[in-house]
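In the numbering used here, the protein residues as written are 339 to 973.
C-beta atoms are modelled at their ideal positions from N, C-alpha and C, and glycine is treated no differently.
Note that the coordinates shown come from a computational prediction; the quantities given were computed from them, not determined experimentally.
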């Protein structure tokens, strides 16, 4: 965060601290605004809590006077008429309280009885109000965290696919879980200390200054020393917090990766290797946590030592004031009590400052994510249908330094089945990503119905498509929920109809709970062929106007391939389809076949035409169909 140069005469550290608190309160205001009623109740509760706390020493003052036999509190002197809020101190506080409460005419036993009952009532009220404040604070904190997680999730899924390609999913989960928790973890304690501590310091300081300016200077010096210690450790604490959170996020990402890859780990008998990697990650976490602990926890003993020195200094000076007659015995005890009590709010403010540093460190990591901008931005035009054609004109694209696609041109007319074929790495999947507008080409354009798709609303445009990929990713939910994913308006009849089209209804009916059967994480409880057929059902349940099938039959056994292929043949009959074929038998009847190699279009035509003139297609067909079925290349 950029900090402006402070004005002359204003300490830079003070300006930096004020700027950090403003940054914190901007964050708090953003997420507290929806719950302003709870927040208002919490603030009111803090003021009442503070007031009740401040009443306690007022009750103690006359009790102390009575306990030590100070009869002057029952006597009326000429100076009593001038006794008011401007000139009270700890020496005459007991007499002032009795006068204000109208108890100075009562006996000592009556006064003690009344004040003891008052003290008990205040103690009960303090605990009740503290409980209510705690519940309100927890409600606000948890709601704010949920809102923060929702906003971050929404922002992340508003980013383009290239962002997720660069990020570890486990680290994003850690940011969403750990950083949001840390950002609001001390929200209510900071608010409480910012409200309560200054009031208590002000009231106690007023009594201390009125009683003895010399002694109060000692207390002020102690407070300044505590602030100085927090200033010294502030910057390194925040750096260490960020480093600790980074290594914890990496360790979490590694754990998530291992759990999701359990089959691979066991297949390669890599349990010991995985454990060794985890030990290295956890060593980094431990080292970062200990570096943070050494510095962060040094605050408490240093502050404790300063408080101890201050308490001893106050004891000696107060005792000297008592012996010299400047303090009454009641003033002596009250000054020890109030002097120690004022160090508590001062210490709370120092701890609050450090808590803000911790929250800002987490908030900084979240701000980095929230500052990410999508590389693919939605356009203003909302398409309602696909009417004519998708046209690619001189499209070029690269992920890094190496070009992936070079000047690709072809078109997909409405009602056509267009097949993309070519060796691995030819750019087939990248082309479908560009058509779906997961990325924008560096050169050329993709147009639908005569309009550049960059002008179209991205969500409305993608809703025209249904997609089945080579590896169908299903969710840990029921069969029906997977087919109707993200479409709560889909009826059970539509789900069943889609399953029948996808050749999936028969095996679904044989599952233990039919369409309500859970299929496990990523669909691990059903076979690969069954997963592909569910993916096809999911793609066609909302009757998309364009289907993209990305090697949907690869890696399947012959029986599963036949069932999936039958489903594909059925769903593409009356729609527009773009098919990436691992097996050329999939596309022999395509209206158009686009042959790709090394990111370029080698040839375009129908199967019979390409067999006669395209050497690459002939080679692919020969390898797939066998020499007896492949016609020789003409010329």
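Do residue i and residue j have their C-beta atoms closer together than 7 angstroms?
i, j, result
"residue 676", "residue 562", "no"
"residue 820", "residue 859", "no"
"residue 668", "residue 432", "yes"
"residue 397", "residue 453", "yes"
"residue 503", "residue 383", "no"
"residue 732", "residue 745", "yes"
"residue 673", "residue 656", "yes"
"residue 388", "residue 534", "yes"
"residue 428", "residue 400", "no"
"residue 816", "residue 854", "yes"
"residue 483", "residue 518", "yes"
"residue 869", "residue 861", "yes"
"residue 723", "residue 749", "no"
"residue 846", "residue 889", "no"
"residue 695", "residue 591", "no"
"residue 693", "residue 430", "no"
"residue 623", "residue 585", "yes"
"residue 798", "residue 721", "yes"
"residue 587", "residue 520", "no"
"residue 747", "residue 774", "no"
"residue 497", "residue 710", "yes"
Which residues bound the alpha helix (DSSP H) around residue i?
i, result
"residue 924", "From DSSP, residue 924 is part of no alpha helix (DSSP H); its letter is neither H nor E."
"residue 465", "446–494"
"residue 918", "Unbroken run through residue 918 is the beta strand (DSSP E), 914–918; no alpha helix (DSSP H)."
"residue 381", "374–405"
"residue 519", "518–522"
"residue 806", "From DSSP, residue 806 is part of no alpha helix (DSSP H) but of the beta strand (DSSP E) over 803–806."
"residue 943", "Note, residue 943: premise wrong, no alpha helix (DSSP H); beta strand (DSSP E) at 938–943."
"residue 531", "525–549"
How big is the Cα-Cα spacing for residue i and residue j?
i, j, result
"residue 370", "residue 689", "22 angstroms"
"residue 392", "residue 538", "7 angstroms"
"residue 619", "residue 515", "19 angstroms"
"residue 783", "residue 915", "20 angstroms"
"residue 776", "residue 751", "21 angstroms"
"residue 937", "residue 743", "4 angstroms"
"residue 500", "residue 713", "8 angstroms"
"residue 440", "residue 464", "24 angstroms"
"residue 670", "residue 706", "55 angstroms"
"residue 323", "residue 840", "Within the shown structure, residues of the chain are numbered from 339 to 973, placing residue 323 beyond reach of any answer."
"residue 925", "residue 945", "8 angstroms"
"residue 566", "residue 378", "33 angstroms"
"residue 881", "residue 912", "10 angstroms"
"residue 910", "residue 887", "10 angstroms"
"residue 346", "residue 631", "Per-residue confidence for residue 346 stands at a pLDDT of 43, beneath the threshold of 50, marking its modelled position as unreliable; the derived number appears in the next sentence. C-alpha separation (whole angstroms): 36 angstroms."
"residue 659", "residue 448", "32 angstroms"
For residue i, collect the residues of the same chain with a Cβ closer than 7 angstroms to its Cβ; drop the 5 residues on either side in sequence, then sort them by chain order.
i, result
"residue 957", "none"
"residue 877", "804, 805, 806, 885"
"residue 446", "404"
"residue 975", "Outside the modelled stretch of the chain, which goes from 339 to 973, sits residue 975, for which no answer is possible."
"residue 771", "777"
"residue 904", "841"
Considering residue i, what are the terminal residues of the beta strand (DSSP E) in which it resides?
i, result
"residue 930", "930–935"
"residue 727", "727–736"
"residue 884", "884–888"
"residue 758", "755–759"
"residue 781", "781–786"
"residue 665", "Segment: none, residue 665 is in no beta strand (DSSP E) and carries neither H nor E."
"residue 744", "741–751"
Could you pull out every residue in the same chain whose Cβ sits closer than 6 angstroms to the Cβ of residue i, ignoring the five residues on either side in sequence?
i, result
"residue 863", "857"
"residue 342", "Model confidence at residue 342 stands at a pLDDT of 39, short of 50, so the residue's coordinates are unreliable; what they give is reported in the following sentence. The answer is none, since no qualifying residue turns up."
"residue 928", "755, 757"
"residue 849", "855"
Hey, is residue i's beta-carbon within less than 7 angstroms of any beta-carbon in chain D?
i, result
"residue 440", "Checking the listed chains, one finds no chain D in this structure; it contains a single protein chain."
Leaving out five residues on either side along the sequence, give the residues of the same chain with a beta carbon under 8 angstroms from the beta carbon of residue i.
i, result
"residue 955", "759, 931, 933, 940, 941, 948, 949"
"residue 394", "457, 460"
"residue 664", "550"
"residue 372", "481, 485"
"residue 779", "733, 734, 735, 743, 772"
Counting beta carbon pairs with one atom in the stretch 526–544 and one in the stretch 731–741, are three or more of them shorter than 8 angstroms?
no
Just checking, does the stretch 706–722 make contact with the stretch 753–763 on the three C-beta pairs under 8 angstroms criterion?
no
Three-pair Cβ contact test at 8 angstroms for the stretch 472–487 versus the stretch 520–538
yes
With three or more C-beta pairs closer than 8 angstroms as the rule, is the stretch 832–840 touching the stretch 785–794?
no
Should the stretch 695–702 be called in touch with the stretch 488–495, which here means at least 3 C-beta pairs below 8 angstroms?
no
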